[in-house]
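*Asks:* Below you will find the structure I want to go over with you.
Protein chains in written order, with my numbering: chain B, 1 to 325; chain W, 1001 to 1364.
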């Protein structure tokens, strides 16, 4: 089995699904000839032609709006937006149309569309290139939101997204695009949407995380193991709809929970997860749920981004807080 | 070629009938069968009856806010020229186009009686639902047209917007995409002179809306939007371009809304009676009726019969809409969010069911 990074794994998923399903088209800025600014779509245009791998004009609402029309007509568009901070011009199309088309037409028209974009901080990028706005999409009824944390999952989740009957927002943690290599099967396989994964079993505290911060949670768990604190790491993988059963089963078992995300704190996923735990398993808790998150500030430029982003140190502090409650 | 002859930058506008319904350009007079001519007239009358009926339902609280069409009925020409296999991506003032394309009339009433069932188009009708966020639908038409091109299907997609809609960014993006991709898309701008209260002159410094097309690399044309025959002529030419793979076209139908923006609007705040009276003289329905009578396609007796039949059809539609509406249930709120209902929605639905059973009656 070859080892590959997340970029290669996503690229392989696109190649294989495009081969199999002639209705899949890829569109976005620089996705064709260049293969995308991160090379995620490398080689696709050469293989599948300019009709199926389309360099569009520089226009995010145009990309997503026309992709909606394509999906409605019977294609399966994969729209790439170049960076997290540039999705906003297309947000109207996502929130006003893609997400609600099935509801408003009672299923007469549907929108099987995948919108992929790199997100998150940690790569010393320019302004508007490091944001984590997943909560906006999670808060929009009718959208599914997927965030892989490994090359293996990235491939399997993307294939599931490409076969899903509803619009899927596929957020790729750019910080670990090339940072992790892993054996990835060249054969096709899927990782189901809506299912979390226990990355590591543990008994004292559940760390709930996703994307680039799974790796930080693992580092924290390693360090805490030497202090005889056993962490269970739950990688959500799909942040909407969330695998509530997995969250509740794990927290029931450990009685403690730390939610980790780099997105701003207020009304972030941590708030939702914390409320869910309070509603369902309050009496199993040995300590209040702790949140280790980004701050309610504008994401700083790279001089200070390491201070902003939760890291293993902050996660360890969070775990110690719930352990000593 | 029509598009060469009628360059909007030279102040030219496609017109076949004058305001009294007399042919002023016999070369352009479309060769429509008597059946098609009557179909146009029937649709115009039907939509006027629908407007009147809907207004009285709205005033008596049986229907919500809606947008009337009165004054813009010549739009039916667009729908008549379209093939059944063509797709329509409307704004929200195209009831006439829906009607002429054979859309069940009760769907219109349902939507504005507060039911999404009104957007459940029959499977064989490629009519997208109305789009309230202004001009956003233009991009869908371009995407669908582009998809048809990829699938090698010779159809056109037709999208509608108002004069105000041309100020939106999505209109620019759609026109630009359509031009670059040579999408088989017809943009139909119903320039009815006002975006709610803001006049056309404050939307753009451009002399005409039609001429905006040239910057995107395709033709635009101004049409007397109260002359249904002119609308047919221009639409036919635009569709031919689409079918032949020649790309998009922009039609500017110059018209006037002889009614408020919606039932919540008071047009006396922003336009004068004199102005309205001037446009009433160009009423598209009267004008077309005069033409048909002169041509002996329409008799007084037929006119009465069409009116009476339209009223009957509309009565039936209202009844049907009220029946469908009455059968809706709380499950409908949840059922269509995703193809398969995820667990958290099932839980929320259960809690609403419980609330409803405690309440003991529907909360309507």
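Beta carbons are placed, not taken as given, at the ideal position from N, Cα and C, and that holds for glycine.
1) As a quick exercise: from B:204, B:229, B:79 and B:241, pick the residue whose alpha carbon is nearest that of residue 196 of chain B.
2) How should residue 57 of chain B be labelled, buried or exposed, when 16 other C-beta atoms within 10 angstroms of its C-beta is the threshold for buried?
3) Going along chain B in order, which residues have a C-beta closer than 9 Å to the C-beta of residue 1121 of chain W?
4) Are there 16 or more other CB atoms within 10 angstroms of the CB of residue 1009 of chain W, so buried, or fewer, so exposed?
5) Hey, is the segment 272 to 280 of chain B in contact with the segment 183 to 193 of chain B, meaning 3+ C-beta pairs nearer than 8 Å?
6) Distance cutoff 8 Å, beta carbons only. Does residue 1007 of chain W sit that close to anything in chain B?
7) Is residue 331 of chain B helix, strand or coil by DSSP?
8) Give a yes or no on contact between the segment 1012 to 1029 of chain W and the segment 255 to 266 of chain B, applying the rule of three or more CB pairs nearer than 8 Å.
9) Using a Cβ cut-off of 8 Å, pull out every chain W residue sitting near residue 74 of chain B, in sequence order please.
10) If I follow the unbroken beta strand (DSSP E) through residue 77 of chain B, where does it start and stop?
11) If you draw a straight line from the alpha carbon of residue 45 of chain B to that of residue 35 of chain B, how long is it in whole angstroms?
12) Compare the C-alpha of residue 250 of chain B against each of B:87, B:201 and B:105 and name the closest.
13) If we cut at 8 Å on Cβ distances, does residue 1140 of chain W have a partner in chain B?
14) From what residue to what residue does the beta strand (DSSP E) around residue 24 of chain B run?
15) Is residue 1191 of chain W helix, strand or coil by DSSP?
16) Please look up how many angstroms separate the CB atoms of residue 1017 of chain W and residue 1227 of chain W, rounded, as I've assumed it's under 8 Å.
17) Flag this pair as yes or no: are the beta carbons of residue 10 of chain B and residue 27 of chain B separated by less than 8 Å?
18) Going by Cα to Cα distance, which pick from W:1196, W:1172 and W:1030 is closest to residue 1092 of chain W?
19) How about residue 357 of chain B: is its C-beta nearer than 8 Å to some C-beta of chain W?
20) Please name the residue in W:1137, W:1104 and W:1115 whose C-alpha comes closest to that of residue 1121 of chain W.
21) Any contact between the segment 61 to 77 of chain B and the segment 1131 to 1148 of chain W? By contact I mean 3 or more CB pairs, one from each, below 8 Å.
22) Give a yes or no on whether 8 Å exceeds the smallest Cβ distance from residue 1337 of chain W to chain B.
23) Whole angstroms is fine: what's the gap from residue 1056 of chain W's alpha carbon to residue 1276 of chain W's?
24) Which residues does DSSP list as the beta-bridge partners of residue 170 of chain B?
25) Counting only Cβ-Cβ distances shorter than 8 Å, please list the residues of the segment 1086 to 1106 of chain W near chain B, keeping chain order.
26) From residue 1345 of chain W to residue 1334 of chain W, what does the alpha carbon distance come to, in whole angstroms?
27) Cβ closer than 7 Å: which chain D residues qualify as neighbours of residue 120 of chain B?
28) Give every residue of the same chain whose Cβ lies closer than 6 Å to the Cβ of residue 1178 of chain W, excluding the five residues on either side of it in the sequence, and list them in chain order.
29) Taking all protein chains shown into account, do 16 or more other C-beta atoms lie within 10 angstroms of the C-beta of residue 307 of chain B, making it buried, or fewer, making it exposed?
30) Is residue 254 of chain B helix, strand or coil by DSSP?
31) Considering Cα atoms alone, identify which of W:1245, W:1065, W:1243 and W:1100 is closest to residue 1113 of chain W.
32) I think residue 149 of chain B touches residue 214 of chain B, with their Cβ atoms under 8 Å apart; what is that distance to the nearest whole Å?
33) Nearest by alpha-carbon distance to residue 1126 of chain W: which of W:1088, W:1155 and W:1190 is it?
34) Return the residues of the segment 5 to 23 of chain B that lie within a Cβ-Cβ distance of less than 7 Å from chain W, sorted by chain order.
35) Confirm the yes/no value for this check: CB of residue 161 of chain B, any heavy atom of the ligand ADP, distance under 7 Å.
36) Is the segment 114 to 123 of chain B touching the segment 166 to 174 of chain B in the sense that three or more CB pairs, one from each, lie closer than 8 Å?
*Replies:* The relevant details are as follows:
1) B:241
2) Residue 57 of chain B is exposed by the Cβ-count criterion.
3) 105, 108 and 109
4) exposed
5) Not touching, per the Cβ criterion.
6) Residue 1007 of chain W does not count as touching chain B.
7) Lying before the first or after the last residue shown, residue 331 of chain B is absent from chain B, which here runs from 1 to 325.
8) no
9) 1147 and 1151
10) 76 to 80
11) 8 Å
12) Check the Cα spacing between residue 250 of chain B and each of B:87, B:201 and B:105: the tightest is with B:201.
13) yes
14) 24 to 28
15) strand
16) 5 Å
17) Result no, Cβ atoms of residue 10 of chain B and residue 27 of chain B do not sit closer than 8 Å.
18) It is W:1196 whose Cα lies nearest to the Cα of residue 1092 of chain W.
19) Since the first residue shown for chain B is 1 and the last is 325, residue 357 of chain B is missing from the structure and cannot be characterised.
20) W:1104
21) yes
22) yes
23) 22 Å
24) B:116 and B:146
25) Cβ contacts with chain B come from 1087 and 1089.
26) 7 Å
27) Note that chain D does not occur in the displayed structure, where the protein chains are B and W.
28) 1142, 1185 and 1248
29) Exposed, because fewer than 16 other Cβ atoms sit within 10 Å of the Cβ of residue 307 of chain B.
30) helix
31) W:1065
32) 4 Å
33) Minimum Cα distance to residue 1126 of chain W is reached at W:1088.
34) none
35) No copy of the ligand ADP occurs in the structure displayed, which carries no ligand at all.
36) Enough Cβ pairs lie closer than 8 Å, so yes.
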